[in-house]
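One structure is given here, and the rest of the page talks about it.
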Amino acid sequence: MNFKKTTLKEIHDKLVSKEIKLTDLIKEVILKSKEEMKSNFLITLTEDEALRKANELENNIDANNVLTGIPFIHKDNISTKGILTTAGSKMLSNYTPSFDATIAEKFNEKNSILIGKAALDELSMGGTGLLSFNGEVRNPYDSNRIVGGSSSGSAYAVAKGIVPFATGGDTGDSIRKPASLSGVVGFKPTYGSISRYGAIPYAPSLDHLGFFTNNVEDQAYLCDATYGYDSKDFTSIDNKKEFVKNINQVSRRFKFGYIKQVEEIMPEELKEDYKKLYSILNDQGHEVLELEFNKKLLEAIPATYMMISFAEAVSTHANLDGIKFGVRVEGKDYMEIIKNSRTQGFGETVKRRFLIGSYQLKSENQDVLLAKSKKVRRLIVEELDKLYKQVDILILPPTTKPAPTVNEVYGFDVDQQEDGTKFIEDILILANFNGMPSITLPFVCKENMPIGINLNAKPKEDLEVLQAAKIIEKLILENFRQVGDLNE
Ligand code: GLN
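In structure tokens form, the structure reads like this:
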């Protein structure tokens with residue numbers, strides 16, 4: 271079955287009418303996953319359990335539950351009871367949780383079928399897909415290029431049509447950027463909407479869970495299934511909205527806006543594509559406004575993100591010491607065990623980030639460095655608040671070029687920015703600073719590679735951003751050329 275061109279609802283209808291047999295479907299997905307193992311997109315294939323569940327559900331498809339029997343994969347930082355959960359790190363390469371993350375529980379309740387656990391840049395730190403301990407995941411359209419990260423295996427799986435949806439995590443842009451580079455839809459809900467209990471964190475004040483799909487409508491089913499207050503996560507909120515029921519109910523006109531200082535540094539050709547879209551929106555009766563954003567604050571995005579996320583990462587990962595769980599490298603006493611385990615268990619990027627993070631956490635540096643970054647974050651959030659007094663939807667470029675080649679990014683981290691315009695590459699982090707809902711969808715095609723567009727709304731306006739995305743998705747399909755289907 272070609273998931274790239276099918277909605278979850280269409281798969282469901284075929285399962286209900288028995289046009290397709292669930293066990294056949296799951297066998298096909300497992301076969302395809304096995305053929306793809308060489309791409310490193312999966313760390314663990316859960317074949318036996320998937321087949322067992324398919325057999326059990328075969329004659330029991332719930333006609334009122336679109337997610338029954340739907341195959342999917344989890345990013346491997348989501349704890350799954352009895353199933354290896356590594357967070358892409360050698361340090362956790364032997365770790366099997368004894369409990370399910372809340373999001374894993376929710377999909378179990380819906381009887382969706384887990385096919386496996388997807389590769390990610392180690393501990394969600396990175397944006398390339400080259401840093402998972404099991405090997406590099408590369409772009410499904412061109413293996414010389416990156417797929418993006420950190421949710422690399424999830425993006426790959428949906429882009430290749432192996433599964434119709436996958437979970438992901440997003441601390442800076444880890445769902446929304448790989449979605450742009452691999453031509454799929456990637457959504458990060460409002461902070462706290464989906465419980466993060468059981469998701470191995472990167473930086474808790476910025477971490478979100480979300481999804482990759484082939485279309486905007488499918489996101490609505492996943493949101494309905496997973497949103498909700500969870501007392502096990504103290505940042506959790508109740509932000510349920512009846513997404514499926516309402517996603518297509520839009521008669522209103524939207525006020526869209528884009529940031530002038532961002533548009534100014536966009537490549538000329540891509541700027542033309544955005545202008546074309548704006549004029550189509552205008553023709554349809556929507557407004558598109560140009561917005562001002564303090565340039566200095568935009569330029570401060572990468573540094574502010576690094577300061578906050580690296581520092582939080584140090585404290586959240588203090589438990590990865592080879593003593594309590596994870597891979598242990600022996601030593602003469604417990605200090606040496608910790609040192610040896612951490613030295614051998616973590617990759618270079620993680621170690622660099624821990625080093626910089628620890629430096630800021632030293633008491634003499636906290637005020638000058640960390641506290642200052644938090645103030646800058648607050649100023650950025652206030653600037654965003656001002657924008658939302660003028661518009662409903664903020665449009666951002668998730669990427670401005672086709673996926674870079676692997677050689678272009680080897681050894682680079684977010685902090686190695688060459689000049690003051692580079693903030694455009696980290697612009698999506700705005701949504702992690704204020705927690706707003708943010709979605710990337712396929713937009714144009716350059717060098718035969720996909721480039722996405724990103725839409726945002728005020729925190730908690732998740733339905734609004736999905737509705738706007740639905741409108742834009744249709745206009746894009748009618749007016750812009752897309753990359754070819756990889757299955758054809
Ligand atoms: N690319 C960003 C980084 O390297 C984002 C990571 C994320 O969202 N998990 O930190």
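For what it's worth, our numbering labels the leading residue of the sequence shown as 271, then goes sequentially.
All C-beta atoms, glycine included, are put in the ideal place defined by N, C-alpha and C.
Values in this document were obtained by computation on a predicted structure and should not be read as measured data.
- Secondary structure at K730: coil, using DSSP grouped into helix, strand and coil.
- For D443, the distance from the CB to the nearest heavy atom of the ligand GLN is below 7 Å.
- In this model, N610 and F616 are separated by some 10 Å (Cα to Cα).
- In its chain, beyond the 5 residues on either side, I663, P707, E734, V735 have a beta carbon closer than 6 Å to the beta carbon of A727.
- In the DSSP assignment, P712 forms a beta bridge with G722.
- Boundaries of the alpha helix (DSSP H) around I571: 571 to 586.
- By the CB criterion at 8 Å, G418 and A673 fall inside the cutoff.
- Burial is judged here by how many other beta carbons sit within 10 angstroms of a residue's own beta carbon; A333 has fewer than 16 and is exposed.
- The alpha-carbon of P667 is positioned some 17 Å away from that of V684.
- Per the Cβ contact rule, the region 577 to 585 is in contact with the region 462 to 479 (3 or more Cβ pairs under 8 Å).
- Following the DSSP letters along the chain, one finds Y604 inside the alpha helix (DSSP H) bounded by residues 604 to 615.
- Straight-line measurement puts the Cα of N414 at about 6 Å from the Cα of T675.
- Boundaries for E298: no beta strand (DSSP E) harbours it, while the alpha helix (DSSP H) harbouring it runs 292 to 305, taken from the DSSP string.
- A473 carries a coil assignment under DSSP once its states are collapsed to helix, strand and coil.
- The beta carbon of M706 sits no closer than 7 Å to any heavy atom of the ligand GLN.
- Setting aside the 5 residues that flank it on each side, V584 is surrounded in the same chain by F624, G627, S628, L631, each with a C-beta closer than 7 Å to its C-beta; the list follows chain order.
- If only complete runs of 4 or more residues are kept, the region 658 to 690 shows the alpha helix (DSSP H) at 676 to 679, in order along the chain.
- In terms of CA proximity to I300, P341 leads the group K740, P341, K515.
- Excluding residues up to 5 positions away in sequence, I313, D346, L362, S363 lie with their Cβ nearer than 6 Å to the Cβ of T356 in the same chain.
- Just measuring C-alpha positions, the residue of I464, T277, G358 sitting nearest S402 is G358.
- I694 and T710 do not touch by the CB rule: their CB atoms are close to 15 Å apart, not below 8 Å.
- Of F750, N329, S444, the smallest CA-CA separation from E542 is found for F750.
- When C-beta atoms of the region 652 to 663 are compared with those of the region 365 to 376, fewer than three pairs fall below 8 Å, so the two segments do not count as touching.
- In this structure, T483 and V428 form a Cβ contact; the two beta carbons are roughly 7 Å apart against a cut-off of 8 Å.
- Secondary structure in the region 340 to 389: the alpha helix (DSSP H) runs of 4 residues or longer, each lying completely within the stretch, are 372 to 379 in chain order.
- Y472 has its CB nearer than 7 Å to a heavy atom of the ligand GLN.
- Collapsing the DSSP output to three states places K565 in a helix.
- The DSSP-derived three-state label of K645 is helix.
- Counted as a single uninterrupted DSSP element, the stretch harbouring G439 is not any alpha helix (DSSP H) but the beta strand (DSSP E) occupying residues 435 to 440.
- In the three-state reduction of the DSSP assignment, E557 falls in the strand class, which pools E and B.
- V638 is classed as exposed because its beta carbon has fewer than 16 other beta carbons within 10 Å across all chains shown.
- For the pair K304 and E487, the CB atoms are not nearer than the 8 Å cut-off.
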